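Student: Mapping of the sequence shown onto the numbering used here: residues 591 to 802, in sequence order. Idealized CB from N, CA, C, for every residue including glycine. Predicted, not measured: the structure shown is a model, and the values here were computed from it.
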Amino acid sequence: MDCERWRDALSARLDGEPLGVDEALLEAHLATCRACCDHADALAGLHRSLRLQSADQVPDLTDAILTAAADDRRRLRVNPTLVLRWVLVLIAALEIGLASPDLLGRWHTGSELGTWSIAVGVGFLSVAIMPTRAAALVPMLGFAGILTAIVTTRHLMDGAARLSDEWPHGLVLAGVVVLVAISRLERVDLPGPRPARTVDADGKPVRVRRAA
591 MDCERWRDAL SARLDGEPLG VDEALLEAHL ATCRACCDHA DALAGLHRSL
641 RLQSADQVPD LTDAILTAAA DDRRRLRVNP TLVLRWVLVL IAALEIGLAS
691 PDLLGRWHTG SELGTWSIAV GVGFLSVAIM PTRAAALVPM LGFAGILTAI
741 VTTRHLMDGA ARLSDEWPHG LVLAGVVVLV AISRLERVDL PGPRPARTVD
791 ADGKPVRVRR AA
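#1: Using 8 Å as the threshold, is the C-beta distance between L616 and A599 below it?
#2: So, at 8 Å on beta carbons, what are the nonlocal neighbours of W596 in its own chain, with the 5 sequence-adjacent residues on each side left out?
#3: Alpha carbon to alpha carbon, how far is R638 from A614? Give it in angstroms, no decimals.
#4: Would you check if there are 3 or more beta carbon pairs closer than 8 Å linking the segment 719-737 to the segment 764-779?
#5: What do you get for G711, buried or exposed, if any count of 16 or more other CB atoms within 10 angstroms of its CB means buried?
#6: Taking the straight line between their C-alpha atoms, what separation do you get for R603 and L609?
#7: So V728 and V679 are supposed to be a Cβ contact under 8 Å. How far apart are they, rounded?
#8: Can the beta-carbon of A668 be found closer than 8 Å to that of V768?
#9: Where does C626 fall in DSSP's three states?
#10: Could you name the residues of the same chain whose beta carbon sits closer than 8 Å to that of P691, not counting the 5 residues immediately before and after it, in chain order?
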């Protein structure tokens, strides 16, 4: 008996393809042919095992993706201290550049003012290079900036000076503002001792201040 076409029909039925023969005739053949019936059972078992076969294990890339995303965020994040340092470099350069011609003049007071302005510019430049120095210079330059603002305002109100002549003093005030901002940012970034923690009778955390 030629069973090849019946077995092809069995394979086609499992694959959802046209049988090529009448299905009733196929069932009638299976009822009379033990070999084809066993072949049908074997095909069904193979088909079922292939459908239930587990997929290849995919490596978990979650940690790598999160780490890469965090690195990207850090690269895109603007460092405010770095921006302020460059602003301070610009202010220092302008302060030194505007005051340098006064050193060559014959006016004694002008030379002294030029020396002071250059010293202020160098102070700003030193903080731009090493931001941790900001806190040490804030009291001196801050007080100098306040006095400069008071004197400049009085001269402008009295008509003793014009705004076009006094605007360079604004560089000192701008530098002091940047200096204070850098000092505050550096204070936040510096690690310090943290107060000890304990718990009360209810298990709630309680801060304990350490003795100085």
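Tutor: Taking the coordinates as given:
#1: yes
#2: V611, L616, H619, L620, C623, C626
#3: 24 Å
#4: yes
#5: buried
#6: 6 Å
#7: Going by Cβ atoms, the distance from V728 to V679 rounds to 18 Å, so no, they are not a contact pair.
#8: Rather than Ala, the amino acid found at residue 668 in this sequence is Val. No, the pair does not count as a contact, with Cβ atoms beyond the cut-off.
#9: helix
#10: G704
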